[in-house]
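Undergrad: After the structure tokens below, expect a handful of questions from me.
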Amino acid sequence: MNESTFRIRVHKDQFVGLDGIQVVAVANSPTHSETFEIIKESNVSNRVRIKVSNGFFLQAKTKNLVTADVSEVSGWKNNDPTIFNLTIVSQINGDWQLQNGYGPEAPRVMKKHYDTFITKKDFKFMKENGINTVRIPVGWWTTKDPNPPFPFVRGTLRALDNAFSWAKEYKLKVILDLHSAPYSQNGVATSTTRDGSLKWGQTNETIQQTLEVIDFFAARYEKHKSLYGIELLNEPLYPCVPLKIIEEYYRTAYSVVRRYNPEVYVILSSRVSFTLADMPSPQELFPLANSLENSVVDVHWYHLYYDIFTDMKSVKEHFDYIEHNRTKQMTELLEKSGKARIYIGEWSAAWDVENATKEENVQNNWSLKWLIENGYIKLPVSKPEMISSAMHGTGNVSGGRGLETRTASVAVDATLHREWVRLWPDGCNHCWKHTHKQHQPNSSTASHVFRFGITHNDEDNNEMKDLGVQ
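FYI, this note's numbering numbers position 50 of the sequence shown as 56, with every residue one higher than the one before it.
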């Protein structure tokens, strides 16, 4: 809630609260009794006390019982049962956390970001260097500008309008990508989840709100010459978002777009999984895509995040994987796609290989702009009839069925840039762990996944006690 006030969400999306002095988790919606104050021993210590809504402090009363019945505390002795260890397992660093964290400063901070992160000069640069399409990720709250709901601040719609204006000036095409749907479609930071939870698709309300978002964008840019495609949703998560749900949504959202524009490409993002073995094949969307005119299936390929890639010890292993595995995958997709187009909307050649380069600017190679400026990539000017696509930031380039694609993705929202990080969960909700070095927002109020442990010594139990996860 702020730097010291928290609500703790646990299993089955229930919130920790009080029943008298008993600590329970039964509420589906948090109220005052589900709000806790975390009091630190110091800024450098992980020892904390937890004050609850009745003014009392939590204590570990027995091995299996935590109660809220201590009214007065003093000191920080090791055997004090009101003292817990707080270990931050990971942080979710998205727009929700960033803008909530800056509080009253958020409008000023975000305006500066929107005015400087992507500018007209970037569009000029892309045009001059052979890029002809930009993929712009947007959040659902952009449709509520200039008065978006808390904690979001105004400015995203103006930034998006600017991007369309610059695209028109430099004759670039725009793919509008709904990267963040109401209630989150995948539980990661870039979908603007509040605490790692995923609610999209679980109720008709979440789907209806998303259809209204698509309607807004399709209507607003209906006659804009630069609009090239609308991506209906980015990376819905398997298995939390069932295939039946995503197909029904895609079909309905396709109809929404077609009410305004009969020709623009409608892009259907493949589902993703947090384990490579469970990754659904993009082929599951081919029957739907073949029934929808001018539809495209979006596939995302990275050489990060999964153990098969992070365990690779040499550059040659990565090259071999591309030569054999990726080539085979692409060939199979093209053979089975029918009339559906295939679009590689995101990919990255970045990898975790020790000593892969000893040169300077090792972090800059995430930037497509840096690679072009320094002569590592040269893109020939495309013929007008070619479909183009690529991604600014992660250096992503897209491809299509028999068509060259070369797009740059522009991050309209604050944290969708070259240092974004995914936190992979063990399941659909809440159990998060690090798999990559994080880029922390300049705020101490990012949503935390944490563990509370009893600090006092106990002969029968000296293990960490899990109290909850936000």
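Where a beta carbon is used, it is the ideal one built from N, C-alpha and C, also for glycine.
Predicted model, so just to flag it, every value in this text is computed and none were measured.
Please tell me whether A31 and F21 are closer than 8 Å, where the distance is taken between their beta carbons.
TA: Start at 1 with the first residue of the sequence shown, and residue 31 comes out as number 25. Start at 1 with the first residue of the sequence shown, and residue 21 comes out as number 15. Their beta carbons are under 8 Å apart, which means A31 touches F21 by this criterion.
Undergrad: Please give the ranges of any beta strand (DSSP E) in the stretch 289-355, keeping only runs that are unbroken, at least 3 residues long and fully inside the region.
TA: Runs of the beta strand (DSSP E) inside the stretch 289-355: 301-308, 347-354.
Undergrad: Considering only the beta carbon of each residue, do N161 and Y120 sit closer than 8 Å?
TA: As a working mapping, residue 161 is identified with position 155 in the sequence shown. As a working mapping, residue 120 is identified with position 114 in the sequence shown. Correcting the residue identity first, residue 161 is Gly in this sequence and not Asn. Cβ distance < 8 Å, so G161 and Y120 count as in contact.
Undergrad: Do L204 and L243 come within 8 Å of each other at the CB atom, strictly closer than that value?
TA: Against the sequence shown, residue 243 aligns to sequence position 237. Against the sequence shown, residue 204 aligns to sequence position 198. Yes, Cβ-Cβ distance for L243 and L204 is below 8 Å.
Undergrad: Can at least three beta-carbon pairs, one atom from the stretch 251-271 and one from the stretch 305-323, be found at a separation below 8 Å?
TA: Segments in contact, no.
Undergrad: Taking the C-alpha atoms as reference points, what is the distance between F280 and P245?
TA: As a position in the sequence shown, residue 280 is number 274, starting the count at 1. As a position in the sequence shown, residue 245 is number 239, starting the count at 1. One C-alpha to the other measures close to 10 Å.
Undergrad: Give the range of the beta strand (DSSP E) segment to which Q28 is assigned.
TA: Taking the sequence shown and counting its residues from 1, one reaches residue 28 at position 22. Here the beta strand (DSSP E) through Q28 covers 28-33.
Undergrad: Check each candidate in A169, F12, V262 and name the one with the smallest Cα separation from Q214.
TA: By 1-based counting over the sequence shown, the position of residue 214 is 208. Considering only alpha carbons, the answer is V262.
Undergrad: Alpha carbon to alpha carbon, how far is I14 from E40?
TA: In the sequence shown, the residue the question calls residue 14 occupies position 8. In the sequence shown, the residue the question calls residue 40 occupies position 34. Cα-Cα distance, rounded: 8 Å.
Undergrad: Is it the case that the Cβ atoms of S297 and P288 are separated by a distance below 8 Å?
TA: As a working mapping, residue 297 is identified with position 291 in the sequence shown. As a working mapping, residue 288 is identified with position 282 in the sequence shown. Against a cut-off of 8 Å, the Cβ pair of P288 and S297 comes out as no contact.
Undergrad: Counting only the same chain and skipping the five closest in sequence on each side, list residues whose C-beta sits under 6 Å from that of K38.
TA: Your numbering for residue 38 matches position 32 in the sequence shown. Checking the sequence shown, residue 38 turns out to be His, not Lys. Closer than 6 Å at Cβ, skipping near neighbours: S59.
Undergrad: So what's H230 in DSSP terms, helix, strand or just coil?
TA: Against the sequence shown, residue 230 aligns to sequence position 224. Of the three classes helix, strand and coil, the one that applies to H230 here is coil, per DSSP.
Undergrad: Scan the stretch 213-258 and note each continuous alpha helix (DSSP H) run of 4 residues or more that stays entirely inside, going in chain order.
TA: List check, alpha helix (DSSP H) in window: nothing returned.
Undergrad: Whose C-beta lies closer than 6 Å to the C-beta of Y271 among residues of the same chain, with five residues either side of it excluded?
TA: Here the question's residue 271 lines up with position 265 in the sequence shown. Excluding sequence neighbours, Y271 sits near G235, N300, V302.
Undergrad: When DSSP labels each residue in this structure, what does F170 get in the three-state scheme?
TA: Mapped onto the sequence shown, residue 170 falls at position 164. DSSP places F170 in helix when its eight states are reduced to three.
Undergrad: Using DSSP with H/G/I as helix, E/B as strand and the rest coil, what is V79?
TA: To locate residue 79, count along the sequence shown from 1; it is residue 73. V79: coil per DSSP, three-state reduction.
Undergrad: With contact counted as at least three CB pairs below 8 Å, one residue from each stretch, are the stretch 376-384 and the stretch 337-357 in contact?
TA: Taking 8 Å as the limit for Cβ pairs, the verdict is that the stretch 337-357 does not touch the stretch 376-384.
Undergrad: Report the three-state DSSP secondary structure of Q103 (helix, strand or coil).
TA: Along the sequence shown, read from residue 1 onward, the residue named residue 103 stands at position 97. Of the three classes helix, strand and coil, the one that applies to Q103 here is helix, per DSSP.
Undergrad: Tell me the rounded alpha-carbon separation between R114 and E269.
TA: Here the question's residue 114 lines up with position 108 in the sequence shown. Here the question's residue 269 lines up with position 263 in the sequence shown. Using only the alpha carbons, I get a separation of about 39 Å.
Undergrad: By how many angstroms is the C-alpha of L24 removed from the C-alpha of K231?
TA: Within the sequence shown, the letter at position 225 stands for residue 231. Within the sequence shown, the letter at position 18 stands for residue 24. Whole-angstrom Cα-Cα distance: 57 Å.
Undergrad: Can you tell me which of the three DSSP states R164 falls into?
TA: The count along the sequence shown starts at 1 and reaches residue 164 at position 158. It is helical.
Undergrad: Near Y266, which residues of its chain fall below 7 Å by C-beta distance, leaving aside the five closest residues on each side in sequence?
TA: Translated into positions along the sequence shown, residue 266 becomes position 260. Excluding residues within five positions, the ones whose Cβ falls inside 7 Å are A224, A225, E228.
Undergrad: Run through the DSSP bridge pairs and tell me what S186 is partnered with.
TA: Here residue 186 is taken as the residue at index 180 of the sequence shown, counted from 1. In the DSSP output, where bridge partners are listed per residue, S186 has G145.
Undergrad: Just how far apart, CA to CA, sit T11 and N91?
TA: In the sequence shown, the residue the question calls residue 11 occupies position 5. In the sequence shown, the residue the question calls residue 91 occupies position 85. Rounded to the nearest angstrom, the two C-alpha atoms are 17 Å apart.
Undergrad: If we ignore side chains and look at the alpha-carbon of each, how far apart do P110 and G351 end up?
TA: The residue given as residue 110 occupies position 104 in the sequence shown. The residue given as residue 351 occupies position 345 in the sequence shown. Distance between the alpha carbons of P110 and G351 is about 36 Å.
Undergrad: Among the candidates D75, G81, F158, I94, whose CA atom is the shortest distance from the CA of Q105?
TA: Here residue 105 refers to the residue found at position 99 when the sequence shown is read from its first residue. The shortest C-alpha separation from Q105 is found at F158.
Undergrad: Find out if the Cβ-Cβ distance for the pair W206, P188 is shorter than 8 Å.
TA: Position 200 of the sequence shown holds residue 206. Position 182 of the sequence shown holds residue 188. Closer than 8 Å, so yes.
Undergrad: From what residue to what residue does the alpha helix (DSSP H) around D121 run?
TA: Counting from one through the sequence shown, the residue named residue 121 turns up at place 115. That run of the alpha helix (DSSP H) goes 112-122.
Undergrad: In the DSSP assignment, find the alpha helix (DSSP H) that holds K384 and state where it starts and stops.
TA: Here the question's residue 384 lines up with position 378 in the sequence shown. Where K384 is concerned, there is no enclosing alpha helix (DSSP H), given that its DSSP letter is neither H nor E.
Undergrad: Just the C-alpha distance for R264 and I137, rounded to the nearest angstrom, thanks.
TA: Position 258 of the sequence shown, counting from 1, holds the residue named residue 264. Position 131 of the sequence shown, counting from 1, holds the residue named residue 137. Whole-angstrom Cα-Cα distance: 27 Å.
Undergrad: According to DSSP, is R13 part of a helix, a strand, or is it coil?
TA: Here residue 13 refers to the residue found at position 7 of the sequence shown. The answer is coil: DSSP assigns R13 none of H, G, I, E or B.
Undergrad: Taking DSSP as the reference, what is the three-state secondary structure of L24?
TA: What you label residue 24 is simply residue 18 of the sequence shown in a count that begins at 1. L24 falls in the strand class under three-state DSSP.
Undergrad: Near A346, what residues of its chain come up, given a Cβ to Cβ distance below 6 Å and the 5 sequence neighbours on each side ignored?
TA: Along the sequence shown, one-based indexing puts residue 346 at 340. Within the same chain, A346 has close Cβ partners F292, A295, N296, V303.
Undergrad: What's the C-alpha gap between K342 and K334?
TA: Residue numbering aside, residue 342 sits at position 336 when the sequence shown is read from its first letter. Residue numbering aside, residue 334 sits at position 328 when the sequence shown is read from its first letter. K342 and K334: Cα-Cα distance of roughly 12 Å.
Undergrad: Cα separation between K69 and T196?
TA: On the sequence shown, position 63 is the one that residue 69 refers to. On the sequence shown, position 190 is the one that residue 196 refers to. Between K69 and T196, the C-alpha separation is close to 39 Å.
Undergrad: Quick one: what does DSSP say Y271 is sitting in, helix, strand or coil?
TA: Numbered from 1 along the sequence shown, position 265 holds the residue referred to as residue 271. Strand at Y271.
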